[in-house]
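Worksheet for the structure shown next.
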Amino acid sequence: MADPIITLTTDFGESAPYVAAMKGVILGINPQARILDLSHQIPPQDVQHAAFFLQNAIPYFPPAVIHVVVVDPGVGTDRALLYVEVDGHRLLVPDNGCWTRLPCTDPSGRRVLRLTEAGYWRSPVSATFHGRDILAPVAGHLSLGVDARKLGVPVESWVQLDVASPELSLDRLRGEIAFVDQFGNLITNIPGEALQSMPVHRRLVHVGDRSILPVWVKTYAEAAAGTLVGLVSSAGMVEIAVNQGSAAERLGAGVGAAVELTVRGENG
Amino acid sequence: MADPIITLTTDFGESAPYVAAMKGVILGINPQARILDLSHQIPPQDVQHAAFFLQNAIPYFPPAVIHVVVVDPGVGTDRALLYVEVDGHRLLVPDNGCWTRLPCTDPSGRRVLRLTEAGYWRSPVSATFHGRDILAPVAGHLSLGVDARKLGVPVESWVQLDVASPELSLDRLRGEIAFVDQFGNLITNIPGEALQSMPVHRRLVHVGDRSILPVWVKTYAEAAAGTLVGLVSSAGMVEIAVNQGSAAERLGAGVGAAVELTVRGENG
Amino acid sequence: MADPIITLTTDFGESAPYVAAMKGVILGINPQARILDLSHQIPPQDVQHAAFFLQNAIPYFPPAVIHVVVVDPGVGTDRALLYVEVDGHRLLVPDNGCWTRLPCTDPSGRRVLRLTEAGYWRSPVSATFHGRDILAPVAGHLSLGVDARKLGVPVESWVQLDVASPELSLDRLRGEIAFVDQFGNLITNIPGEALQSMPVHRRLVHVGDRSILPVWVKTYAEAAAGTLVGLVSSAGMVEIAVNQGSAAERLGAGVGAAVELTVRGENG
Chain H
-19 MADPIITLTT DFGESAPYVA AMKGVILGIN PQARILDLSH QIPPQDVQHA
31 AFFLQNAIPY FPPAVIHVVV VDPGVGTDRA LLYVEVDGHR LLVPDNGCWT
81 RLPCTDPSGR RVLRLTEAGY WRSPVSATFH GRDILAPVAG HLSLGVDARK
131 LGVPVESWVQ LDVASPELSL DRLRGEIAFV DQFGNLITNI PGEALQSMPV
181 HRRLVHVGDR SILPVWVKTY AEAAAGTLVG LVSSAGMVEI AVNQGSAAER
231 LGAGVGAAVE LTVRGENG
Chain R
-19 MADPIITLTT DFGESAPYVA AMKGVILGIN PQARILDLSH QIPPQDVQHA
31 AFFLQNAIPY FPPAVIHVVV VDPGVGTDRA LLYVEVDGHR LLVPDNGCWT
81 RLPCTDPSGR RVLRLTEAGY WRSPVSATFH GRDILAPVAG HLSLGVDARK
131 LGVPVESWVQ LDVASPELSL DRLRGEIAFV DQFGNLITNI PGEALQSMPV
181 HRRLVHVGDR SILPVWVKTY AEAAAGTLVG LVSSAGMVEI AVNQGSAAER
231 LGAGVGAAVE LTVRGENG
Chain P
-19 MADPIITLTT DFGESAPYVA AMKGVILGIN PQARILDLSH QIPPQDVQHA
31 AFFLQNAIPY FPPAVIHVVV VDPGVGTDRA LLYVEVDGHR LLVPDNGCWT
81 RLPCTDPSGR RVLRLTEAGY WRSPVSATFH GRDILAPVAG HLSLGVDARK
131 LGVPVESWVQ LDVASPELSL DRLRGEIAFV DQFGNLITNI PGEALQSMPV
181 HRRLVHVGDR SILPVWVKTY AEAAAGTLVG LVSSAGMVEI AVNQGSAAER
231 LGAGVGAAVE LTVRGENG
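Protein chains in written order, with the working numbering: chain H, -19 to 248; chain R, -19 to 248; chain P, -19 to 248.
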């Protein structure tokens, strides 16, 4: 049988010793746990970014993996820490909504527990580093086969992240930029299928205070270098990009900026 | 039995091939070694930063792990490379003091060897990359079970890092900023217990040329966003922070800046 | 037997979910695969940088390892994806030349296949993320022992990276800066042996529009802090550095800048 896998997603960066301390705690409990970094570059305390990240990463993993997430502006307050099972994926997270964008095709199989059993924690627990003192040791014990039901008590409600929903009609799509990646690609919250009713050469895109007519492509390199392109992202969303360049820089736009697609008049 | 674990802590960053080369060398000697990144973002050649990092990371690991540290401004000179055992932790380090802040509760169990047995090294050894040519292969051999005593000769002295000690009295605490993390939290070298003699609402904090009266909290989110707070860090030290902001930016202060706590007059 | 190892080298950074998605896909196919990050900080779409990185990293690995490389400005176009075996190393790469600087001591043992067998891919395949949809699943299947010959069809030609060759004579060496590392060290494409014909104290180095007489050393710390030094890099190339400083900053020079070494007149 494969050794159990524990992934880590944090906003700790790498220059501070926080991630390393968590790895030590996990291995102190289960030296056979295989630890996998997903990211330590979530922008500090950016729960929305973490939610987008998890939504686009966790579904690709097989079910047995344990995912620890520490993006936790409320650390030390009375916000709960949760054990979550959703579509077979297992997460240990602060109750701040970071996991609520994960797809849940079978709500009846969802299980959410508030972590309460301090016997699985480090002692004493610091007020500012629950990743090290609670989540890492709980992950270590889970990876040893501890039954999740022993970790705490079931809860029926939790913080839901406020997610902007796009407004979609046949000739007008309104949404926003949900994510900007390291290439400067602007990924919106507008599903790619919504484009189908709009004639491809007349799709006018308004981003912030700019209006553009991107070239619609399947992939970046179909257009000349430097060209503003529109496409459907690898996660199925409308995306604005610049081949071999940065759309974020070109358009001066970032996460949260309004995006609207309309149909230009035929002689426009 | 679990596969042996080797951790890496360097100032190499990730864009250069140096870390990858070390991983290749280790796996070439022991393909079953499990390699774990602690950090490759130690600021270049910053031995003090490395020392703080190791002090706050290594103690959480179980003893069997092998820790390789390459922050090595003296590479290629006659500075020694060391095998160190301290409180059961095993490190391979340049002799520049980076490990000397690690707690040592049992000095009689400490073992320090100068690496001299070139049979465990790559050949030839370059003058500028001992991480790849000496430390990585020695770690590989150690992980195969080679007795550490075969690696070199015992030494009784080594470079001690000059660590600033705080001056503590009942009404005045003098120290400095020892670390700034990625949130901009300022972690001092003043132990949290030293605060006990000072009335909580009258603790005046001088950082650089600024004097502030932070709100004293157990954790960041007890105060409103943007508030300057004082607290005891997850490692037990006095820390100055801004809830959901950066104290480093707000106060224009960084590592080494003087910090002084005094008691404000009751009518001050 | 050791679990199979898959390394990842990308230009994805860590803040986006792309690397994590690839890890999930691999583990979904082979939960026992051990995933090792080489770098996710290749500068975006910089195939030359990737080529230098691989040339200086892959040769240190043992042969059984599978290396996945995703620096892929042509994703989604008709550029091929390749399985490559060179000197026993196994790579999965876009056909953009990123692997062609790897040493090949035995061309008869080289095997290059174009990936065509979609049965080993995710379905559907997106137009913009072949790392997740093709390379990661193929790596997973390879790590399970699938015969590489089943993955596609042999090809006899591939994109060769245009690599600048230095011009070397006894009294004049012309080349360029091939790499700048995180210390600001300037690594040229001029082999260190070429220096032998030039008297050490008369080696004049022209970098961009600057002419310097560096101190020639075996390692950085032989010279005083701040001194411009010349040396032979850990990979055997002429390197210009500043002890405890950045030669890139001092000389305002970066990748591609012309470097010329000449012999200064004895009374010069």
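Yeah, the Cβ is synthetic: ideal placement off N, Cα and C, and Gly gets one too.
Source: prediction; values computed, not measured.
If I follow the unbroken beta strand (DSSP E) through leucine 211 of chain P, where does it start and stop? The residue given as residue 211 of chain P occupies position 231 in the third sequence. Residue range 208 to 212 is occupied by the beta strand (DSSP E) that includes leucine 211 of chain P.
Quick one: using the 10 Å Cβ neighbour count with 16 as the cut-off for buried, is valine 73 of chain H buried or exposed? Working through the first sequence from its first residue, we reach residue 73 of chain H at position 93. Buried is the call here.
Can you give me the Cβ contacts of serine 106 of chain P inside the same chain, cut-off strictly under 6 angstroms, excluding the 5 residues immediately before and after it? Translated into positions along the third sequence, residue 106 of chain P becomes position 126. Once the five neighbours on either side are set aside, the close Cβ partners of serine 106 of chain P are Asp113.
Looking at aspartate 52 of chain P: is its Cβ nearer than 8 angstroms to the Cβ of histidine 110 of chain P? Start at 1 with the first residue of the third sequence, and residue 52 of chain P comes out as number 72. Start at 1 with the first residue of the third sequence, and residue 110 of chain P comes out as number 130. With respect to histidine 110 of chain P, aspartate 52 of chain P sits close: the two C-beta atoms are nearer than 8 angstroms.
For the segment -2 to 11 of chain R and the segment 227 to 243 of chain H, state whether three or more C-beta atom pairs, one from each stretch, are separated by less than 8 angstroms. Output reads no: the segment 227 to 243 of chain H does not touch the segment -2 to 11 of chain R.
Output needed for glycine 248 of chain H: all residues of its chain with C-beta closer than 6 angstroms, excluding positions within five of it in sequence on either side, in chain order. Stepping through the first sequence from its first residue, residue 248 of chain H is reached at position 268. With a pLDDT of 48 at glycine 248 of chain H, under the threshold of 50, the modelled position of that residue is not reliable, and the figure given next carries that caveat. Non-local C-beta neighbours of glycine 248 of chain H in its own chain, meaning closer than 6 angstroms and more than five positions away in sequence, are absent.
State buried or exposed for proline 179 of chain R, treating a residue as buried only when at least 16 other CB atoms are found within 10 Å of its CB. One-based indexing of the second sequence puts residue 179 of chain R at position 199. Exposed.
I need the boundaries of the beta strand (DSSP E) containing phenylalanine 159 of chain H, first residue and last residue. The count along the first sequence starts at 1 and reaches residue 159 of chain H at position 179. First-last of the beta strand (DSSP E) with phenylalanine 159 of chain H: 152 to 160.
With 9 angstroms as the C-beta to C-beta threshold (strictly closer), list the residues of the segment 14 to 35 of chain H near chain P in chain order. If the cut-off is 9 angstroms between Cβ atoms, the segment 14 to 35 of chain H has Arg14, Leu16, Asp17, Leu18, Ser19, His20, Gln21, Ile22, Pro23, His29, Phe32, Phe33, Leu34, Gln35 near chain P.
Within the 8 angstroms Cβ cut-off, does arginine 129 of chain R reach chain P? Walking along the second sequence from the start, residue 129 of chain R turns up at place 149. Not an interface residue.
Continuous beta strand (DSSP E) stretch holding valine 5 of chain H: start and end: Numbered from its first residue, the first sequence carries residue 5 of chain H at position 25. It is not in any beta strand (DSSP E) - valine 5 of chain H instead sits in the alpha helix (DSSP H) that spans -2 to 9.
Using the C-alpha atoms, what's the distance from glycine 216 of chain R back to valine 49 of chain H? Reading the first sequence from its first residue, position 69 is the one you call residue 49 of chain H. Reading the second sequence from its first residue, position 236 is the one you call residue 216 of chain R. Approximately 24 angstroms, taken between the alpha carbons.
Selection of the segment 100 to 112 of chain H by Cβ proximity to chain R, strictly under 8 angstroms: The residues in question are Ser106, Ala107, Thr108, Phe109, Arg112.
Can you tell me whether valine 133 of chain H is buried or exposed, with buried defined as 16 or more other CB within 10 angstroms of its CB? For the purposes of this step, residue 133 of chain H is taken as the residue at position 153 of the first sequence. It counts as exposed.
When DSSP builds the beta bridges, which residues end up paired with serine 19 of chain R? Looking up residue 19 of chain R in the second sequence gives position 39. Beta-bridge annotation (DSSP): serine 19 of chain R is paired with R:Thr(-11).
Does any CB atom of chain R fall closer than 8 angstroms to the CB of isoleucine -14 of chain P? On the third sequence, position 6 is the one that residue -14 of chain P refers to. No, no contact with chain R.
With a threshold of 7 angstroms on Cβ separation, who are the neighbours of leucine 18 of chain P within its own chain once the five nearest residues in sequence on each side are excluded? Counting from one through the third sequence, the residue named residue 18 of chain P turns up at place 38. Excluding residues within five positions, the ones whose Cβ falls inside 7 angstroms are Thr(-13), Leu(-12), Thr(-11), Ala37.
Please work out which residues of its chain come closer than 7 angstroms, Cβ to Cβ, to isoleucine 192 of chain R, disregarding the five sequence neighbours upstream and downstream, and give them in chain order. Position 212 of the second sequence, counted from the first residue, corresponds to residue 192 of chain R. Val185, Leu208.
DSSP three-state call for alanine 116 of chain H: helix, strand or coil? Here residue 116 of chain H refers to the residue found at position 136 when the first sequence is read from its first residue. In the structure shown, alanine 116 of chain H adopts helical secondary structure according to DSSP, grouped into three states.
Which residues in chain H sit within 9 angstroms of phenylalanine -8 of chain R, going by Cβ to Cβ distance? Taking the first residue of the second sequence as position 1, residue -8 of chain R is located at position 12. None at all; the shortest Cβ gap to chain H is about 11 angstroms.
Pick out whichever of H:Tyr100, H:Val45, H:Ile167 has its Cα sitting closest to the Cα of phenylalanine 33 of chain H. Here residue 33 of chain H is taken as the residue at index 53 of the first sequence, counted from 1. Minimum Cα distance to phenylalanine 33 of chain H is reached at H:Ile167.
Coil, strand or helix - valine 27 of chain P by DSSP: Numbered from 1 along the third sequence, position 47 holds the residue referred to as residue 27 of chain P. Correct three-state label for valine 27 of chain P: helix.
With a cut-off of 8 angstroms, does the C-beta of alanine 203 of chain R fall near any C-beta of chain H? As a first step, residue 203 of chain R is located in the second sequence; it is residue number 223 there, counting from the start. No, because no Cβ of chain H sits closer than 8 angstroms to the Cβ of alanine 203 of chain R.
Cβ distance (whole Å) where leucine 115 of chain P is taken to contact leucine 61 of chain P below 8 angstroms: For the purposes of this step, residue 115 of chain P is identified with residue 135 of the third sequence, where counting begins at 1. For the purposes of this step, residue 61 of chain P is identified with residue 81 of the third sequence, where counting begins at 1. The pair is a contact, with the Cβ atoms about 7 angstroms apart (cut-off 8 angstroms).
Pull up the distance between the alpha-carbon of threonine 199 of chain R and that of tyrosine 63 of chain R, whole angstroms please. The residue given as residue 199 of chain R occupies position 219 in the second sequence. The residue given as residue 63 of chain R occupies position 83 in the second sequence. One C-alpha to the other measures close to 39 angstroms.
When Cβ atoms are compared, which residues of the segment 57 to 75 of chain H fall closer than 7 angstroms to chain R? Those residues of the segment 57 to 75 of chain H that come within reach of chain R (Cβ to Cβ, closer than 7 angstroms) are Thr57.
In the structure shown, what three-state DSSP assignment does arginine 102 of chain H receive? Here residue 102 of chain H refers to the residue found at position 122 when the first sequence is read from its first residue. Arginine 102 of chain H: coil per DSSP, three-state reduction.
Going by C-alpha distance, which of R:Arg190, R:Asp189, R:Leu175 is nearest arginine 183 of chain R? For the purposes of this step, residue 183 of chain R is identified with residue 203 of the second sequence, where counting begins at 1. Nearest C-alpha to arginine 183 of chain R: R:Leu175.
Quick check on the DSSP output: the beta strand (DSSP E) that includes leucine 61 of chain P runs from which residue to which? For the purposes of this step, residue 61 of chain P is identified with residue 81 of the third sequence, where counting begins at 1. Its beta strand (DSSP E) spans residues 61 to 66.
Give the residues of chain R in contact with alanine 44 of chain H, contact being defined as C-beta atoms less than 8 angstroms apart. Within the first sequence, numbered from 1, the residue matching residue 44 of chain H stands at position 64. Chain R residues near alanine 44 of chain H: none, gap ~18 angstroms exceeds 8 angstroms.
Between glutamate 65 of chain R and glycine 89 of chain R, what straight-line distance do the alpha-carbon atoms span, to the nearest angstrom? Counting from one through the second sequence, the residue named residue 65 of chain R turns up at place 85. Counting from one through the second sequence, the residue named residue 89 of chain R turns up at place 109. Cα-Cα distance, rounded: 8 angstroms.
Does the beta carbon of serine 123 of chain P come closer than 8 angstroms to any beta carbon on chain H? Counted from its first residue, the third sequence places residue 123 of chain P at position 143. False, the Cβ-Cβ gap to chain H never drops below 8 angstroms.
If you draw a straight line from the C-alpha of proline -16 of chain H to the C-alpha of valine 143 of chain P, how long is it? Sequence index remark: in the first sequence, residue -16 of chain H carries index 4 (1-based). Sequence index remark: in the third sequence, residue 143 of chain P carries index 163 (1-based). The straight-line gap from Cα to Cα measures roughly 44 angstroms.
How about glycine 155 of chain H and valine 222 of chain H: do their beta carbons lie closer than 8 angstroms? The residue you call residue 155 of chain H lines up with position 175 of the first sequence. The residue you call residue 222 of chain H lines up with position 242 of the first sequence. No, they are not a contact pair.
Tell me whether leucine 184 of chain R sits in a helix, a strand or coil according to DSSP, three-state version. Locating residue 184 of chain R in the second sequence gives position 204, where the first residue counts as 1. Reduced to three states, the DSSP call for leucine 184 of chain R is strand.
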